[in-house]
Amino acid sequence: MSALEIAERARACLDGGGLARVVHERSSSLRFAANRPTQATAIDDVTVELAVVRGGHVGRAATNRTDRESLARCAERAVTAAELATTAGAGAHPGLRVDAPRPGAGGGSRARESRLHPDGGAAALDTAFSVARAAGLEAHGIWTAGVVDHAVTDGEQAKEERTTDAFFKVICIDASRGRSGYAALAAPSPDGLGVQGLCDEAARKASTDKGAPELELPSGRYPVVFEPAAVGLVLATLGKSAFNGLAHAERRGALVGRLGRQVAAPAVNLADSPSFPRGLPRRFDAEGTAKRPLALIQDGVARAVVHDRRSAALEDTESTGHATVPGGSTHGPLPLNLVLAGGGAADVAELCGTVERGIYVTRLWYANLVHPKETLVTAVTRDGTFLIENGAVTRPLRDLRLTDSLLGMLSRVQALTAGQRLTSEAEFYGRRNPSGVVCPAARVGSVRFTSAAG
Amino acid sequence: MDSAARHAEYADVRFVSSSSERLSTRNGRLDGLDSSESEGIGVRVRRAGAWGFAATRGTERAHAEAALARALELTEGQPRDSGAALAPEPPASGRYESPVERDPFAVSAADKLGLLAAADAGLRTEPNVALTLARFDAVRTHTVFASTEGALCEQRLTECGGGISAVAVDGNESQVRSYPASHGGHVAQAGYEHFLSLDLAGHAPRLAQEAQELLSAPACPHGRTTLILAGEQLGLQIHESIGHAVELDRVLGREASYAGTSFVPAGAIGALRYGSQHVNVTANAADPGGLGSFRWDDEGVEGRAVPIVREGVLTGFLSSRETAAEIGLERSGGCMRAEGFARQPIVRMTNVNLEPGEAGTLDDLIADTQDGLLIETNRSWSIDDRRLQFRFEGEAAWEIKGGQRGRLLRNPSYAGITPEFWGSCDAVCSPSERRLVSLLDCGKGEPGQMMRVSHGSAPARFRGVEVGVA
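Residue numbers (this note's numbering), protein chains in the order written: chain G, 1 to 454; chain Z, 1 to 470.
Put into structure tokens, the structure is as follows:
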């Protein structure tokens, strides 16, 4: 039974208006540590969500059972919830409606399911172990690939798409010296991962010491060259906070009163681009609203926040197609296809070229917002932090804690590489909802580090 | 299992059925009334040292056979490795149901909504409060576990709780206060009686007042001072800087790919000074009400109390059968847990508790402190991938001067290095002050798994802590 057929069966259980959404995940993941496979996971699961609106209130229920009886029970729970909610007075939700499909809408991709066979991952693991052993290192990481069928219907309109995604991450560790190097890439298909290159990159970082021990830098402000993985985390964190239309509508957002104003350097052009070919394309959101390219920052000027139907109603505007849950998540809508336009630098070496003394950051870890309105974030560097001296990477650094404003850092962007990478941590908690940020490496003129870490 | 035994040196299967109900209000309106249910089978096999795990939502024999075949296929696809033996464990047998006085799923949603609405109204009593949230949360998990070693056990665990928050905004300043904890409130392994005992409406006006007051409160000063941690903030401190650091899979490098490693070496039992003599930590899977409590873990090991730190010295790890065997422990610590049927069990925390001391009540501890800060509720946290250097922010702090709780301070933060910080602990309050706090969103593993845990503690005092680090 296809995802759409399940959605239609579920929707038929609802009396009156309502929306059914189905997500069917099939995925394989192979984890490895210290040149050994450690966990292999195959998942085949379906989630059916039913959402109804009564008197401006949303009732929702979910199940992974697809027989008619279970779907009928699920529908009854959703309707009961919405009707109960009406006892609390009038709600503000504008209702759920799948908009008409756009002719020729792009996005999604046809799966090559044979690639889900674990053999594909086993070859990647073999490559990682071989590269690591040759360099006297341990390889740790994950290979994962998934095929997800999405369907949504309100009984009149229906949409479906199949998305595929793949992710490979390798961290090479020199256990004797406590050094590590990271490389990772997400792609719409395992074919696009370039495993050998990633393994070489991670091994090179773990081995780059120029004969020098790790240096500990004092706290302070430094120019920084961020690899795409670090830029991606900065942008994803910003996406969850500053560009969240619900936080904006509730006056908690960092862009309240700042739309139309300069919030970043003129080189910064950030959009949510759901059909960007090197991203993880999506055609519609959890409410069936068509996704379209949306400029968020244009030449450094804040242009928009993202909305689902609920947050849009609060702002008296239209949904931008960013619902993550039918009816709207309590956390608000999210931009899940962020793309930061590349700049003019040929590569990271060119970004480092003008830095007299600064820091090269491969990735950031454990980023949490301290003050959302100020976009103040704290995070630590990890798996490849180096000193830049006189225009070149010279020696490894002890990891550092970064505490700075996300928008502040974007306002101090000096240069971007032309090349971009699809970054993701593949943190698919719950159902697989692949997302990533396509972004270049960046040089930021001044970033605040508050202590050593690690 | 008969079929699995013919093909694998070890196999286990879990049937897991989960139900949840969540109600929340937002600014006085119902924000969400969500219910969900899922069920399925997870089959884990070990062949020639390689693990394979396959999950399927079906519950018929054919589904289980298909999952077994897929799990075996996964082991075939992996580079070969002999792997470590599994620590021996007597086969689990029996049934268990966590205590519930009043089934939260049997209480009408209208009743729950009424309580949330009353609490939400109590929060909307100050002019600058822009967002109010009230939440009810109930989860029931039914698990049947069997293994090729003859284990067959069944348990049903019920969790219930909730919380409230008020966000006050004035221009660019935003402050939040939550009760009884941030990040989802307080949930316990209990029935509806626990939700009622929280008395959310009774605490709402105070919370709104504090959120309003914080907008113009003085900022937390920068410097080194005495810090008293209590409630959720102390629980999170235990969680991040002790709980995760003593997970044996991290210690052995198995989580380097994602969550990270640990500064604690595998051979540190009996040798590593983790904290002062006042620091005694136990991982207790039999703690009544704890979200890390169970009769058996997800590989059939009986839950029990494992000493982790005694008088400041490391005495144990959170372990699985495989990791325990790898460092020569006689038995697993019983810490394998999985989120639902579709995730492979990994080493997770049980209830990692700081044992009470002899410092009396919180008021006694404050009275015994000349200068310092008290922080109870967490706002933000971050710690490095070795669990060594951390930085936390609280929602609010109270200044302590001359043994008295003084004015409210906004944006309190502190930072430290794990063993130095726990080494600076010079007092822990007495058993009468012990409380459990819950953490509802502990992420780990690939594919990602969320886990719920609790931490028991009584307020504790730390000397010479760097504060005001924002």
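We put the beta carbon where it would ideally sit given N, CA and C, even for glycine.
Notebook entry, point to check: Going by beta carbon distance, what residues of the same chain come within less than 8 angstroms of residue 101/Z, once the five residues before and after it are set aside?
Noted result: Excluding five sequence positions before and after residue 101/Z, the CB atoms of its chain that fall closer than 8 angstroms to its own CB belong to 190, 191, 192 and 193, given in chain order.
Notebook entry, point to check: By the 10 Å Cβ neighbour count, where 16 or more other Cβ atoms means buried, how is residue 471/Z classified, buried or exposed?
Noted result: No statement about residue 471/Z is possible, as the shown extent of chain Z runs from 1 to 470 and does not include it.
Next item on the list: Go through the segment 245–326 of chain Z residue by residue and report every complete run of the beta strand (DSSP E) that reaches 3 residues or more, in order.
Entry: Counting only runs of 3 or more, we get 281–284 and 305–310.
Checklist line | Complete beta strand (DSSP E) runs within the segment 353–437 of chain Z (minimum length 3 residues, chain order) | finding: DSSP runs (the beta strand (DSSP E)) wholly in the segment 353–437 of chain Z: 371–375, 378–383, 389–394, 397–401, 404–409, 413–417 and 425–428.
Next item on the list: Name, in chain order, the residues that DSSP records as bridge partners for residue 161/Z.
Entry: According to DSSP, which records beta bridges pairwise, residue 161/Z is partnered with 137/Z and 187/Z.
Item checked: Cutoff 8 angstroms: residue 365/G Cβ touching any chain Z Cβ -> Among the CB atoms of chain Z, one or more fall inside 8 angstroms of the CB of residue 365/G.
Next item on the list: Measure the alpha-carbon distance for residue 1/Z versus residue 298/Z and round it to whole angstroms.
Entry: Each residue's alpha carbon lies about 16 angstroms from the other.
Margin query: Quick check: the Cα distance between residue 316/Z and residue 308/Z, rounded to an integer number of angstroms?
Written below: Their backbone Cα atoms lie some 4 angstroms apart in a straight line.
Check: Nearest chain G C-beta to residue 237/Z closer than 8 angstroms, yes or no?
Finding: Cβ-Cβ to chain G under 8 angstroms: no for residue 237/Z.
Margin query: If distances are taken between C-alpha atoms only, which option among 231/G, 121/G, 376/G and 22/G comes closest to residue 191/G?
Written below: Considering only 231/G, 121/G, 376/G and 22/G, the residue with the shortest C-alpha distance to residue 191/G is 121/G.
Check: Which whole-angstrom value is the C-beta distance of residue 282/Z and residue 306/Z, which I expect to be below 8 angstroms?
Finding: Between residue 282/Z and residue 306/Z a beta carbon distance of about 7 angstroms is seen, short of the 8 angstroms cut, so the two are scored as contacting.
Margin query: At the level of alpha carbons, what is the spacing between residue 91/G and residue 164/Z?
Written below: Distance between the alpha carbons of residue 91/G and residue 164/Z is about 20 angstroms.
Next item on the list: Name the two residues that bound the continuous alpha helix (DSSP H) containing residue 424/G.
Entry: Unbroken run through residue 424/G: none, as it is neither H nor E.
Notebook entry, point to check: Just how far apart, CA to CA, sit residue 209/Z and residue 128/Z?
Noted result: Rounded to the nearest angstrom, the two C-alpha atoms are 10 angstroms apart.
Check: What in chain G is Cβ-close to residue 172/Z, meaning under 8 angstroms?
Finding: Near residue 172/Z (Cβ distances below 8 angstroms), the residues of chain G are 373 and 374.
Margin query: Do residue 124/G and residue 167/G have their beta-carbon atoms positioned less than 8 angstroms apart in this structure?
Written below: Going by beta carbons, residue 167/G and residue 124/G fall outside the 8 angstroms limit.
Checklist line | N- and C-terminal bounds of the beta strand (DSSP E) containing residue 159/G | finding: It spans 158–174 - the beta strand (DSSP E) in which residue 159/G sits, taken as one unbroken run.
Next item on the list: Starting from the N-terminal side, write out each stretch of the beta strand (DSSP E) that is 3 residues or longer and does not extend beyond the segment 168–231 of chain Z.
Entry: DSSP runs (the beta strand (DSSP E)) wholly in the segment 168–231 of chain Z: 173–179, 186–188 and 223–229.
Notebook entry, point to check: Touch check for the segment 194–213 of chain G and the segment 275–292 of chain G: three-plus C-beta pairs under 8 angstroms?
Noted result: Per the Cβ contact rule, the segment 194–213 of chain G is not in contact with the segment 275–292 of chain G (fewer than 3 Cβ pairs under 8 angstroms).
Note to self: Pull the bridge partners of residue 233/Z from the DSSP assignment, please.
What the structure shows: Beta-bridge partners of residue 233/Z (DSSP): none assigned.
Next item on the list: Verify the CB distance criterion: does residue 331/G have a CB-CB separation below 8 angstroms to chain Z?
Entry: Not an interface residue.
Checklist line | Within-8 angstroms CB hit, residue 62/G to chain Z | finding: Yes - at least one Cβ of chain Z is within 8 angstroms of the one on residue 62/G.
Item checked: Backbone CA spacing between residue 336/G and residue 435/G [nearest angstrom] -> Each residue's CA atom was taken as its position, placing residue 336/G and residue 435/G some 5 angstroms apart.
Notebook entry, point to check: Any C-beta of chain G sitting closer than 8 angstroms to the C-beta of residue 88/Z?
Noted result: Interface criterion not met: the Cβ of residue 88/Z is under 8 angstroms from no Cβ in chain G.
Next item on the list: Check each candidate in 426/Z, 59/Z and 14/Z and name the one with the smallest Cα separation from residue 277/Z.
Entry: Minimum Cα distance to residue 277/Z is reached at 426/Z.
Check: What do you get for residue 331/G, buried or exposed, if any count of 16 or more other CB atoms within 10 angstroms of its CB means buried?
Finding: With fewer than 16 other beta carbons inside 10 angstroms of its own, residue 331/G counts as exposed.
Notebook entry, point to check: What residue from 432/G, 214/G, 67/G and 61/G has the CA that sits closest to residue 44/G's CA?
Noted result: Ranked by Cα distance from residue 44/G, the options 432/G, 214/G, 67/G and 61/G are led by 432/G.
Item checked: Cutoff 8 angstroms: residue 122/G Cβ touching any chain Z Cβ -> Chain Z, which has a Cβ nearer than 8 angstroms to the Cβ of residue 122/G, makes this yes.
Notebook entry, point to check: So which residues of chain Z does residue 77/G contact, with C-beta pairs closer than 8 angstroms?
Noted result: Under the 8 angstroms cutoff, chain Z gives 35.
Item checked: Residue burial classification, residue 265/Z (beta-carbon count within 10 angstroms, cutoff 16) -> By the 10 Å Cβ count, residue 265/Z comes out exposed.
Check: Got a sec, what are the start and stop residues for the alpha helix (DSSP H) residue 108/Z sits in?
Finding: Counting along the chain, no alpha helix (DSSP H) covers residue 108/Z, and no H or E run does either.
Next item on the list: Could you work out which residues of chain G lie near residue 32/Z, taking near to mean beta carbons separated by less than 7 angstroms?
Entry: Under the 7 angstroms cutoff, chain G gives 58, 60 and 330.
Item checked: Min CB distance residue 130/Z to chain G below 8 angstroms -> Chain G contact via Cβ: present.
Note to self: My parser needs the alpha helix (DSSP H) runs of 4 or more residues fully inside the segment 253–288 of chain G; what are they?
What the structure shows: Listed in chain order, nothing qualifies, since the segment 253–288 of chain G has no complete alpha helix (DSSP H) run of 4 or more residues.
Next item on the list: With a threshold of 16 other CB atoms inside 10 Å of the CB of residue 409/G, please say whether the residue is buried or exposed.
Entry: Per the 10 Å Cβ criterion, buried.
Notebook entry, point to check: By a C-beta neighbour count over all protein chains shown, 10 Å radius and 16 as the cutoff for buried, is residue 218/Z buried or exposed?
Noted result: Counting of Cβ neighbours within 10 angstroms places residue 218/Z among the exposed residues, the total staying below 16.
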